[in-house]
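Take 2 as the starting number for the sequence shown in this note's numbering and just add one per residue.
Every residue, glycine too, gets a C-beta built ideally from N, C-alpha and C.
Bear in mind the structure is a predicted one, so any value in this text is a computation, not a measurement.
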Amino acid sequence: MNSVLIAIAALLLFWGGLAFWIRTISPDAARLERPDTMPEPGTHTTMGGSTTVLMPKDLDAAFNRLHQVVQNSDRTTRMASDPDHRSFVTRTKVMGFPDVVHVWREGGRLAISGHLTIGKGDAGVNAKRNVRWLEEAGLTPS
């Protein structure tokens, strides 16, 4: 009986420690830097994230709307910004995993990119979040 209680306590301690670590970890500063290149219009999905690029008619208005939607989202903190780029960290609902989000404009294009910082696959979480935010901003991928 004692060994069962010790095993349960050890598991609870492990999971509690892991949850605490996940919720307090900050992404590497290099992940918050503006992406080097602007992809072609469309949605580009990778194992750990997704980038959607649009060519809106009014780039400035679209950038500002999308920025406001992302900034006002739950569990999202703005980390860095310049006139054409915003970096955010948004945490997943259950465990609080940090994902890095970039919203930027360049050459008539608007992009939103979300990527995990822990692990290898995000089960499409970043792609779904990007689509939801684009819809909330009144923007749709073409």
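Residue i, buried or exposed, once every other Cβ within 10 Å from all chains shown has been counted against 16
{"i": "Thr141", "result": "exposed"}
{"i": "Phe64", "result": "buried"}
{"i": "Asn1", "result": "The structure shown does not extend to residue 1, since the chain is modelled only from 2 through 143, so no value can be given for it."}
{"i": "Leu117", "result": "buried"}
{"i": "Val95", "result": "exposed"}
{"i": "Pro1", "result": "With the chain represented from 2 up to 143, any question about residue 1 goes unanswered, as that position is not in the structure."}
{"i": "Val70", "result": "buried"}
{"i": "Trp134", "result": "buried"}
{"i": "Ala11", "result": "exposed"}
{"i": "Leu13", "result": "exposed"}
DSSP beta-bridge partners of residue i
{"i": "Asp83", "result": "His86"}
{"i": "Asp100", "result": "Thr91 and Leu117"}
{"i": "Val54", "result": "Gly43 and Ala112"}
{"i": "Arg106", "result": "Leu111"}
Pick from the options that is closest to residue i, judged by C-alpha positions
{"i": "Asp37", "options": "Glu136, Thr91 and Ser114", "result": "Ser114"}
{"i": "Pro84", "options": "Gly17, Trp105 and Ser4", "result": "Trp105"}
{"i": "Arg110", "options": "Leu6, Gly122 and Asp61", "result": "Asp61"}
{"i": "Thr165", "options": "Ile26, Arg92, Ala124 and Ser82", "result": "This structure cannot speak to residue 165, because the chain is shown only from 2 to 143."}
{"i": "Ala112", "options": "Asn131, Ile119 and Gly120", "result": "Asn131"}
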